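Student: Per the numbering used here, the sequence shown starts with residue 37, numbered consecutively.
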Amino acid sequence: MSKPLNIGMIGYGFMGRAHSNGYRRVSNFFNLEYTPVLKAACARDAAKARAFADQWGYESIETDWRKLLERKDIDAVDICVPNNLHKEIAIAAAKAGKMILCEKPLAMDSAEGEEMCQAVEKAGVANIVWYNYRRIPAVTFAKQLIDSGKLGKIFHYRANFLQDWTINADVPQGGQGTWRLDAAAAGSGVTGDLLAHCIDTALWLNGSISNVTAMTETFVKQRKHSLTGKVEKVGIDDACAFLCHFQNGSLGLFESTRYARGHKALYTFEINGEHASIKWDLHDLHRLQWFDHKTEGPLRAWSSIHVTDGEHPYMSKWWVPGLAIGYEHSFVHQVADFLEGLATGKPAGPTFRDALETQQVCDAVLASAKSGAWTGVG
Ligand SMILES: NC(=O)c1ccc[n+]([C@@H]2O[C@H](COP(=O)([O-])OP(=O)(O)OC[C@H]3O[C@@H](n4cnc5c(N)ncnc54)[C@H](O)[C@@H]3O)[C@@H](O)[C@H]2O)c1
Numbered sequence: 037m038s039k040p041l042n043i044g045m046i047g048y049g050f051m052g053r054a055h056s057n058g059y060r061r062v063s064n065f066f067n068l069e070y071t072p073v074l075k076a077a078c079a080r081d082a083a084k085a086r087a088f089a090d091q092w093g094y095e096s097i098e099t100d101w102r103k104l105l106e107r108k109d110i111d112a113v114d115i116c117v118p119n120n121l122h123k124e125i126a127i128a129a130a131k132a133g134k135m136i137l138c139e140k141p142l143a144m145d146s147a148e149g150e151e152m153c154q155a156v157e158k159a160g161v162a163n164i165v166w167y168n169y170r171r172i173p174a175v176t177f178a179k180q181l182i183d184s185g186k187l188g189k190i191f192h193y194r195a196n197f198l199q200d201w202t203i204n205a206d207v208p209q210g211g212q213g214t215w216r217l218d219a220a221a222a223g224s225g226v227t228g229d230l231l232a233h234c235i236d237t238a239l240w241l242n243g244s245i246s247n248v249t250a251m252t253e254t255f256v257k258q259r260k261h262s263l264t265g266k267v268e269k270v271g272i273d274d275a276c277a278f279l280c281h282f283q284n285g286s287l288g289l290f291e292s293t294r295y296a297r298g299h300k301a302l303y304t305f306e307i308n309g310e311h312a313s314i315k316w317d318l319h320d321l322h323r324l325q326w327f328d329h330k331t332e333g334p335l336r337a338w339s340s341i342h343v344t345d346g347e348h349p350y351m352s353k354w355w356v357p358g359l360a361i362g363y364e365h366s367f368v369h370q371v372a373d374f375l376e377g378l379a380t381g382k383p384a385g386p387t388f389r390d391a392l393e394t395q396q397v398c399d400a401v402l403a404s405a406k407s408g409a410w411t412g413v414g
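And the structure:
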């Protein structure tokens, strides 16, 4: 008999929906010791909280996250609100003894992140950060290939995350929907929003980064603020590129922008090793491109692996071989792994402490872009 795990969801936006879908579906596909129960949805506006709760099947609502944390019937809180709220809610949740599933980036910077790590470690509460791309089967499969040594020594790691939604100077900053353009709510621009995903995947697949040299640009210097109505200076980075050294001796090249006309969410990475290379593209997320130099000369070629076989990570839980799953399943997998971690006592990552390393790389990238110098991480 599965044990209930009562979830308190904070925020009803993009991630509030993606995570709720994960909680609702996980027990249909995975046999786990715990079953998530959608206990309460929290948002400032009662009518919106009620509409969200009704749509997704939450039993109750709260309009103040502090009230949610006081409730004895909540086991875990899920933080799906803008980045500037993560720290205060997470520290209070840890003090209240709640497990915490926090959206990325962990915090506004690594000083905040360190405080959050200390809070969850002191309270001894389970914690995880939603770097969900790790749990797309083709990405998890890339991890298995690298860990098995099939690529040999790694020379290069290349990643991009390209979008085009802020090219229009009339897009405001701040407030619902556009808080990502307001440095006070987001902390940084594409670095914390998009590159943080690329960095988390890279640290997981290829190990720690020693130092970075970066450049950032803010193409639109002023935007109207949705909340104040005033035209204000833009404090975020619209684009960022950086080079880095990994501790394993490989070289990294990362680029992110919201000004790449034609690209909506083009997250790609390529890894070149001594024996083989792999490539992955979010727009074709169930495929992993593979080149094996050990293949007999004339037959040597890039191949496109359809990562939908029962032997591929997570896929035996879904349909039959050959049938693809999508973006939303990465969140189902994250819930499954979190619950499995509770049952086995081996916490699923990235924990707050793991995600702090991504934050430290982001800090080094932003510091290097400012100073123009190579900057150490941590
Ligand atoms: N893992 C991913 O791939 C991914 C994707 C998108 C966003 N994110 C992260 O998820 C978080 C939320 O982003 P989103 O895209 O869902 O944003 P969103 O704008 O769609 O939703 C934010 C929600 O927070 C609510 N909110 C704001 N202040 C609040 C408060 N004081 N109390 C309660 N609710 C409050 C808003 O009403 C809204 O429901 C961010 O940290 C973001 O970086 C992660």
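For each residue, glycine too, the CB sits at the ideal point set by N, CA and C. Please read all numbers here as calculations on a predicted model, not as lab measurements.
1. Of the residues G44, N119, H122, which one's Cα is nearest the Cα of Y420?
2. To the nearest angstrom, report how far apart A384 and F327 are at their CA atoms.
3. Could you tell me which whole beta strand (DSSP E) segments of length 3 or greater appear in the segment 111–137?
4. Would you mind working out which of G210, L230, L335, H348 sits nearest R323, comparing C-alpha positions?
5. Return the CA-CA distance between L142 and V165, expressed in angstroms with no decimal places.
6. Report back the beta-carbon spacing between V226 and T293 to the nearest angstrom; my notes put them in contact at under 8 Å.
7. Compute the distance between the beta-carbons of S417 and E69, then report whether it is under 9 Å.
8. If you check the beta carbons only, do I203 and R297 fall under 9 Å apart?
9. If you follow the beta strand (DSSP E) that R60 is part of, which residue opens it and which one closes it?
10. I'd like to know whether the C-beta atoms of Y303 and F197 end up nearer to each other than 9 Å.
11. Hey, which unbroken runs of the alpha helix (DSSP H) at 4 residues or more fall wholly within the segment 77–104?
12. Just to confirm the assignment, what range does the beta strand (DSSP E) spanning N308 have?
13. To the nearest whole angstrom, what separates the beta carbons of I190 and N120, a pair I think is in contact under 8 Å?
14. If you count every other CB in all the chains shown that lies within 10 Å of the CB of F282, and 16 or more means buried, which is it?
15. Near K353, what residues of its chain come up, given a Cβ to Cβ distance below 7 Å and the 5 sequence neighbours on each side ignored?
16. Can you tell me whether V356 is buried or exposed, with buried defined as 16 or more other CB within 10 angstroms of its CB?
17. Following the continuous beta strand (DSSP E) through H261, name the residue where it begins and the one where it ends.
18. Let me check you understand the geometry: is the CB of K330 closer than 8 Å to at least one non-hydrogen atom of ligand 1?
19. Could you check whether the Cβ of V117 sits closer than 8 Å to any heavy atom belonging to ligand 1?
20. For D418, list the residues DSSP reports as bridge partners.
21. What are the partner residues of E253, as DSSP defines its beta bridges?
22. Based on the DSSP output, what are the partners of L74 in its beta bridges?
23. Using the C-alpha atoms, what's the distance from L378 back to R107?
24. Helix, strand or coil for K269? Go by DSSP, reduced to three states.
25. Assuming the contact rule is C-beta atoms closer than 8 Å, G412 and N247 should be a hit. Round their C-beta distance to whole Å, please.
26. Counting C-beta neighbours from all protein chains within 10 Å, is the total for G332 16 or more, i.e. buried, or is it exposed?
27. Looking at C-alpha atoms only, which residue of Q370, G358, A250 is the closest neighbour of D408?
28. Should W338 be labelled buried (16 or more other beta-carbon atoms within 10 Å of its own) or exposed?
29. Candidates E124, R170, Y167: which alpha carbon is nearest E150's?
30. Is the separation between the beta-carbon of P386 and that of D274 shorter than 9 Å?
31. How is S286 classed by DSSP in three states: helix, strand or coil?
32. Considering only the alpha carbon of each residue, which of L231, L74, G160, T252 lies closest to A195?
33. What are the partner residues of N163, as DSSP defines its beta bridges?
34. Below 8 Å on the Cβ atoms is my contact criterion, and I expect H311 with G228 to pass it. Report the Cβ-Cβ distance as a whole number of Å.
35. Within the same chain, show all residues whose beta-carbon is closer than 6 Å to that of C280, passing over the 5 residues directly before and after it, in chain order.
Tutor: Looking at the coordinates:
1. The chain is shown only over 37 to 414; residue 420 falls outside these bounds and no answer can be derived.
2. Roughly 30 Å separates the two Cα atoms.
3. Whole beta strand (DSSP E) segments, 3+ residues: 112–115.
4. Nearest option by C-alpha distance: H348.
5. If you take the alpha carbons of L142 and V165, they lie about 7 Å apart.
6. A Cβ-Cβ separation of about 6 Å places V226 in contact with T293 under the 8 Å criterion.
7. With the chain represented from 37 up to 414, any question about residue 417 goes unanswered, as that position is not in the structure.
8. Between I203 and R297, the gap from beta carbon to beta carbon is short of 9 Å.
9. Segment 50–65 is the alpha helix (DSSP H) holding R60; no beta strand (DSSP E) there.
10. Result yes, Cβ atoms of Y303 and F197 sit closer than 9 Å.
11. Counting only runs of 4 or more, we get 82–92.
12. 302–309 is the span of the beta strand (DSSP E), which, as asked, contains N308.
13. Their Cβ separation, rounded to whole angstroms, is 36 Å, which puts I190 and N120 out of contact at 8 Å.
14. By the neighbour-count definition (other C-beta atoms within 10 Å, threshold 16), F282 is a buried residue.
15. Here the set comprises F65, F66.
16. Its Cβ having fewer than 16 others within 10 Å, V356 is exposed.
17. Secondary structure note for H261: it is in no beta strand (DSSP E), with a DSSP letter that is neither H nor E.
18. No, since every heavy atom of ligand 1 falls outside the 8 Å radius drawn around the Cβ of K330.
19. Flag set: Cβ of V117 near ligand 1.
20. Here the chain covers residues 37 to 414 and nothing more, so residue 418 does not appear.
21. The partner list for E253 (beta bridge, DSSP) reads A275.
22. L74 is bridged by DSSP to I43.
23. C-alpha separation (whole angstroms): 21 Å.
24. Taken through DSSP and simplified to helix, strand or coil, K269 comes out as strand.
25. Going by Cβ atoms, the distance from G412 to N247 rounds to 5 Å, so yes, they are a contact pair.
26. Inspection of the sequence shows that residue 332 is occupied by Glu rather than by Gly. By the C-beta density criterion, E332 is exposed, having fewer than 16 other C-beta atoms within 10 angstroms.
27. According to the sequence displayed, residue 408 carries Gly and not Asp. When each option's Cα is compared against that of G408, the closest is A250.
28. By the 10 Å Cβ count, W338 comes out exposed.
29. Taking only the C-alpha atoms, the option nearest E150 is E124.
30. Not in contact: P386 and D274 (Cβ atoms no closer than 9 Å).
31. Three-state DSSP puts S286 in coil, outside helix and strand.
32. Out of L231, L74, G160, T252, L231 has the C-alpha closest to the C-alpha of A195.
33. The partner list for N163 (beta bridge, DSSP) reads I136.
34. Rounded, the Cβ-Cβ distance is 35 Å, inconsistent with contact.
35. Cβ neighbours of C280 beyond the five flanking positions: I245, V248, G288.
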